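Asks: Its first residue numbered 778, the sequence shown is counted upward by one per residue in our numbering.
Even for Gly, the Cβ is constructed at its ideal location relative to N, Cα and C.
Keep in mind the model is a prediction, meaning the values are calculated, not measured.
Here it is, the structure in full.
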Amino acid sequence: MKMRAISLFVAVAVLAGCDDPPTVELDAAKQALDSARDADAERFAASEYSAAQRAYSEAETTTKTEDERFFLFKDFEQARAQIADAKSKATQAESAAQAEKKRQRESAEAVIAAAHDAITAAYTSLEEAPSGKGTEADIEALRAELSAAEADMDAAAAALDSEFFSDAESLAASADLKATEVADGVIVAVDRYHALVEEMRPWYERF
């Protein structure tokens, strides 16, 4: 009778002290990590994402190790704390990635808009530039340069659509520079044109 009472006490103690492994919580942390990856955290928040990966790996190791131990009273307190930390870090990585992606997109869009304005202005000045003997080659060279700027803009738009924001910004900056050079070139061509016109005027009209 005494032995049966002891056995019953041990059984109750085992049932009372046994703690199920936090697999549901671990799955939730994994989902948070996957969500961060889907938000391109590997690209836009690499440091935060790496920290989340390390935290999840530690939590997973602790959970599985504790689950395999044959203790009378299992305790997953450490695993749960690590899982919570991993989930928090994954959420932070996702938020950081979204914020950085937004920042880079807006920055690239601003450079593209500025380049578009520069190209438009260059086209206007080029169309208004007088073309005559001695300036045809200059004008044609400027048109070719402006076409190259347009090609850069097309590439910048494609890069923006593919979310390669740094490439988009660099290409747009290149287009802006070409357009600015064209505008400056138009001023030089116009000055040259007027100088040639002045040289061709009869001497008696210069007085």
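Could you give the C-beta distance for residue 956 and residue 914, rounded to a whole number, given that I count them as a contact under 8 angstroms?
Replies: The residue you call residue 956 lines up with position 179 of the sequence shown. The residue you call residue 914 lines up with position 137 of the sequence shown. With 8 angstroms as the limit, residue 956 and residue 914 do not qualify as a contact, their Cβ atoms being about 20 angstroms apart.
Asks: For residue 949, which residues from the same chain have a beta carbon less than 8 angstroms from its beta carbon, with the 5 sequence-adjacent residues on both sides left out?
Replies: Taking the sequence shown and counting its residues from 1, one reaches residue 949 at position 172. These residues qualify, in order along the chain: 885, 888, 889, 891, 892, 929, 930 and 933.
Asks: Residues in its own chain within less than 6 angstroms of residue 875 by CB, not counting five upstream and five downstream?
Replies: To locate residue 875, count along the sequence shown from 1; it is residue 98. Contacts found: 816.
Asks: For residue 921, count neighbouring Cβ atoms within 10 angstroms of its own Cβ and tell me buried if that reaches 16, exposed if not.
Replies: What you label residue 921 is simply residue 144 of the sequence shown in a count that begins at 1. Answer is exposed; the Cβ neighbour count stays below 16.
Asks: DSSP three-state call for residue 822: helix, strand or coil?
Replies: Residue 822 sits at position 45 when you count from the first residue of the sequence shown. Residue 822 falls in the coil class under three-state DSSP.
Asks: Using DSSP with H/G/I as helix, E/B as strand and the rest coil, what is residue 948?
Replies: The sequence position of residue 948 within the sequence shown is 171, counting from 1. Looking at residue 948 - three-state DSSP - the assignment turns out to be helix.
Asks: Is the beta carbon of residue 924 less than 8 angstroms from the beta carbon of residue 960?
Replies: Your numbering for residue 924 matches position 147 in the sequence shown. Your numbering for residue 960 matches position 183 in the sequence shown. Cβ atoms of residue 924 and residue 960: not closer than 8 angstroms.
Asks: Between the alpha carbons of residue 859 and residue 878, how many angstroms are there, rounded?
Replies: Taking the sequence shown and counting its residues from 1, one reaches residue 859 at position 82. Taking the sequence shown and counting its residues from 1, one reaches residue 878 at position 101. For residue 859 and residue 878, the distance between alpha carbons rounds to 28 angstroms.
Asks: When burial is assigned at 16 or more other CB atoms within 10 Å of the CB, is residue 864 buried or exposed?
Replies: What you label residue 864 is simply residue 87 of the sequence shown in a count that begins at 1. Buried, because 16 or more other Cβ atoms sit within 10 Å of the Cβ of residue 864.
Asks: Could you compute how far the alpha carbon of residue 823 sits from the alpha carbon of residue 869?
Replies: In the sequence shown, counting from the first residue as 1, residue 823 sits at position 46. In the sequence shown, counting from the first residue as 1, residue 869 sits at position 92. Straight-line Cα distance between these residues: approximately 12 angstroms.
Asks: Distance, Cα to Cα, residue 850 vs residue 797?
Replies: Locating residue 850 in the sequence shown gives position 73, counting from the first residue. Locating residue 797 in the sequence shown gives position 20, counting from the first residue. With a pLDDT of only 43 at residue 850, under 50, the local geometry of the prediction cannot be trusted, and the value read off the model is given with reservation. About 10 angstroms.
Asks: Quick one: what's got a C-beta closer than 8 angstroms to residue 898's C-beta in the same chain, skipping five residues either side?
Replies: On the sequence shown, position 121 is the one that residue 898 refers to. Around residue 898: 956 and 960.
Asks: In the structure shown, what three-state DSSP assignment does residue 940 receive?
Replies: Position 163 of the sequence shown, counting from 1, holds the residue named residue 940. DSSP places residue 940 in coil when its eight states are reduced to three.
Asks: Do residue 861 and residue 825 have their C-beta atoms closer together than 8 angstroms?
Replies: As a working note, residue 861 is residue 84 in the sequence shown. As a working note, residue 825 is residue 48 in the sequence shown. Their beta carbons are not under 8 angstroms apart, which means residue 861 does not touch residue 825 by this criterion.
Asks: Between which two residues does the alpha helix (DSSP H) holding residue 894 run?
Replies: Numbered from 1 along the sequence shown, position 117 holds the residue referred to as residue 894. It spans 854 to 905 - the alpha helix (DSSP H) in which residue 894 sits, taken as one unbroken run.
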